[in-house]
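In our numbering, the protein residues as written are 55 to 191. By construction, the Cβ of each residue, glycine as well, lies at the ideal position given by its N, Cα and C atoms. Given the structure is predicted, the values throughout are model-derived calculations rather than measurements. Report on one structure; see the data block that follows.
And the structure:
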């Protein structure tokens with residue numbers, strides 16, 4: 055009888071381990087924080103103080119949208135992983151395309167801080183403040 059009881063307990067324990075492991079694997083991935091909406095981005099580079107208005111659309115961790123300044127409108131692409139935001143766009147500069155990369159941390163729902171890198175020209179600090187929600191566009 056003792057052997058049978060021990061065998062049943064062992065069988066239950068062995069059967070529970072795969073079920074628990076499978077349950078852990080099936081838990082949904084945590085959704086990234088939302089950056090969807092409109093943002094005013096101020097940044098400083100070796101070329102001076104700059105600003106741009108960005109509209110972010112977000113699908114999971116993927117960011118798309120556009121950026122607008124006094125010189126034109128530019129398509130943007132990027133991603134958010136945890137609280138780290140990366141966005142890239144290109145502008146025409148002296149007949150060539152200059153790639154600008156914004157990398158920052160989503161500090162709060164309305165603030166991103168980080169750096170803006172202008173191709174090989176240099177980089178500087180940036181601050182982005184949310185000016186509108188995704189539904190306000």
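For residue j and residue i, believed in contact at Cβ under 8 angstroms, the rounded distance
i: residue 172; j: residue 99; result: 5 angstroms
Beta-carbon gap between residue i and residue j smaller than 8 angstroms
i: residue 154; j: residue 131; result: no
i: residue 180; j: residue 169; result: yes
i: residue 111; j: residue 102; result: no
i: residue 115; j: residue 133; result: yes
i: residue 95; j: residue 182; result: yes
i: residue 149; j: residue 97; result: no
i: residue 139; j: residue 107; result: no
i: residue 184; j: residue 137; result: no
Range of the contiguous beta strand (DSSP E) that encloses residue i
i: residue 178; result: 176-187
i: residue 132; result: 126-135
i: residue 164; result: Element bounds for residue 164: n/a, residue is neither H nor E.
i: residue 192; result: A question about residue 192 goes unanswered here, because the residues of the chain that appear run from 55 up to 191.
i: residue 87; result: Note, residue 87: premise wrong, no beta strand (DSSP E); not H, not E.
DSSP bridge partner residues for residue i (one or two, in chain order)
i: residue 115; result: DSSP, once it has assigned bridges, lists no residue as partnering residue 115.
i: residue 172; result: 154, 176
is_contact[residue i, chain D] using C-beta, thresh 8 angstroms
i: residue 96; result: Considering every chain present, this structure includes no chain D. It has just one protein chain.
Residue environment, residue i, which counts as buried when at least 16 other CB atoms sit within 10 Å
i: residue 141; result: buried
i: residue 186; result: exposed
i: residue 121; result: buried
i: residue 63; result: With a pLDDT of 43 at residue 63, under the threshold of 50, the predicted position of this residue should be treated as unreliable, and no value is reported.
i: residue 93; result: buried
i: residue 176; result: exposed
i: residue 126; result: exposed
i: residue 61; result: Here the model assigns residue 61 a pLDDT of 46, short of 50, so the residue's position is not dependable, and the following value carries that caveat. Exposed is the call here.
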